[in-house]
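Structure, as structure tokens:
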Amino acid sequence: MINWFPGHMKKTFDIIKQKEKLFDVFIIVLDSRCPISSYNYEFDKIAPNKKRIFVFTKIDMTNKNRFQELMKQYNNPKDEILALNLKNAAKSQSQLHKVIKKIYNQKNKINAAKGYKTPPLKIGVLGVPNAGKSTLINILAKSKVAKVRNEAGVTRSEQWINCNNEYMLLDTPGLLWPKFDDQSTAVKLAIIGSIKTESLDQKNLVYESYKLISQFKPDSLTKLGLVPTEDEIKIYDNIIELARKLKHLDKNKQIIINDTYKYLMNYFKNLTDIIYD
Numbered sequence: 000m001i002n003w004f005p006g007h008m009k010k011t012f013d014i015i016k017q018k019e020k021l022f023d024v025f026i027i028v029l030d031s032r033c034p035i036s037s038y039n040y041e042f043d044k045i046a047p048n049k050k051r052i053f054v055f056t057k058i059d060m061t062n063k064n065r066f067q068e069l070m071k072q073y074n075n076p077k078d079e080i081l082a083l084n085l086k087n088a089a090k091s092q093s094q095l096h097k098v099i100k101k102i103y104n105q106k107n108k109i110n111a112a113k114g115y116k117t118p119p120l121k122i123g124v125l126g127v128p129n130a131g132k133s134t135l136i137n138i139l140a141k142s143k144v145a146k147v148r149n150e151a152g153v154t155r156s157e158q159w160i161n162c163n164n165e166y167m168l169l170d171t172p173g174l175l176w177p178k179f180d181d182q183s184t185a186v187k188l189a190i191i192g193s194i195k196t197e198s199l200d201q202k203n204l205v206y207e208s209y210k211l212i213s214q215f216k217p218d219s220l221t222k223l224g225l226v227p228t229e230d231e232i233k234i235y236d237n238i239i240e241l242a243r244k245l246k247h248l249d250k251n252k253q254i255i256i257n258d259t260y261k262y263l264m265n266y267f268k269n270l271t272d273i274i275y276d
């Protein structure tokens, strides 16, 4: 069973619930390879009437047709939807700023009619780990103010970041639910890097990932000389053969299976034109 919920995540989730009145807008950052599975439905309990901007990242790695089909599930007219490749910082910054500016102008119009000055929007940035929250914040702030690394659990504490006179952002650790009722969801999140795989049973993770890839991207296995299958005996045979091919052997010519597990998980993590939902 995969169950990964570090203490700092629960603490931050509790803080956000306590401080939700401070926020004007939430940016919810999701991985476009798992547009459904990477959404934490606990978010719906945090100020459901607040404006939300759903940002789907890594759009360059997903299957575009399937992604468009799944977007029909995000059909709340109050929400803003963006699909971004954050590697293109200039374009991403422009699209994000346009949406935030629109929300600010709407609020400013209301306040101006009442004779009020509109303060900067306070925006909470949420999502699962490794979805690109810190990268997004750095793009908006035009500087490296938030930690960025391609692994789960990098952002550990809350920090307000001033961007301009119209908005400021609160970066938070990624938030996951306390328990995965659906193990396939947990495997998907592990593949895309939202869960630290080092803390999990490597054999179980690789086997379940192999089954998932056999279903969603079988040709990626054949490129490695592997046979797509969900049969665990056949998976074992394929992995052993791959280990020999990659020369994952110790000085006594015994297979170092953990090296092959790491190789496969890294390979799965970097697949493109794929969607797991």
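Residues in the sequence shown are numbered consecutively from 0, following numbering that gives the first Met the number 0.
We put the beta carbon where it would ideally sit given N, CA and C, even for glycine.
Distance between residue j and residue i (C-alpha atoms, nearest Å)
i	j	result
A138	G224	Looking at the sequence provided, one finds Ile at residue 138 rather than Ala. Each residue's alpha carbon lies about 40 Å from the other.
K210	M264	13 Å
D181	K187	10 Å
Q17	T196	31 Å
A145	F12	Low local confidence applies: a pLDDT of 48 at A145 is under 50, so the model's placement there is unreliable, with the coordinate-based value given in what follows. Cα to Cα, A145 sits roughly 19 Å from F12.
S183	Y115	50 Å
I191	N110	42 Å
K244	N62	30 Å
K132	N251	45 Å
V153	V127	Note that V153 scores 43 on pLDDT, short of 50, meaning its location in the model is unreliable; the coordinates nonetheless yield the value given after this. Approximately 11 Å, taken between the alpha carbons.
D276	K113	46 Å
M60	N269	8 Å
R148	K100	Residue confidence for R148 is low, a pLDDT of 44 falling below 50, so the modelled location carries little weight; the figure read from the coordinates is stated next. Distance between the alpha carbons of R148 and K100: 28 Å.
Y262	P217	17 Å
Q72	A189	23 Å
S37	L248	36 Å
I266	F215	In the sequence as displayed, the identity of residue 266 is Tyr instead of Ile. Computed Cα separation, rounded: 14 Å.
D230	N64	29 Å
Q105	P76	15 Å
Check: residue i C-beta below 8 Å from any heavy atom of the ligand ZN
i	result
K210	Judged by which ligands are present, the structure shown has none, so any question about the ligand ZN falls away.
9 Å Cβ cutoff met for residue i and residue j
i	j	result
Y166	V54	no
K141	Q94	no
T277	N84	Beyond the ends of the chain as shown, which are 0 and 276, falls residue 277; an answer cannot be given.
L125	V28	yes
A82	I58	yes
V98	E79	yes
Start-to-end residues for the alpha helix (DSSP H) that takes in residue i
i	result
V186	182-190
A242	231-244
I212	201-215
T134	132-140
K50	From DSSP, K50 is part of no alpha helix (DSSP H) but of the beta strand (DSSP E) over 50-56.
L263	256-268
I109	88-112
K63	63-69
Residue nearest to residue i in terms of C-alpha spacing, selected from the options
i	options	result
F295	I238, R32, R51	Since the first and last residues shown for the chain are 0 and 276, residue 295 lies out of range.
D200	N164, E231, Y260, L125	Y260
I342	T271, D272, I273, I238	An answer regarding residue 342 cannot be provided, because it is not within the stretch 0 to 276 covered by the chain.
L220	A88, D30, A185, I273	I273
K86	V226, N203, L135	L135
I254	L270, T271, D230, Y235	Y235
A242	K233, I232, D258, A46	D258
Y206	I232, K222, K121	I232
I160	P119, A189, A185	P119
C162	F215, H96, I102, D78	H96
T271	M70, D30, I14	D30
N164	L204, N107, E19	N107
Rounded distance between the beta-carbons of residue j and residue i, thought under 8 Å
i	j	result
I26	I52	5 Å
T228	S213	6 Å
K44	F22	Not quite, the Cβ-Cβ distance comes to about 14 Å (not below 8 Å), so this is no contact.
S198	A130	That pair is no contact at about 19 Å.
G123	I14	That belief does not hold up - the Cβ atoms of G123 and I14 are roughly 10 Å apart, past 8 Å.
Delimiting residues of the beta strand (DSSP E) encompassing residue i
i	result
A82	79-82
L225	Per DSSP, L225 belongs to no beta strand (DSSP E) and is neither H nor E.
D30	24-30
L120	120-126
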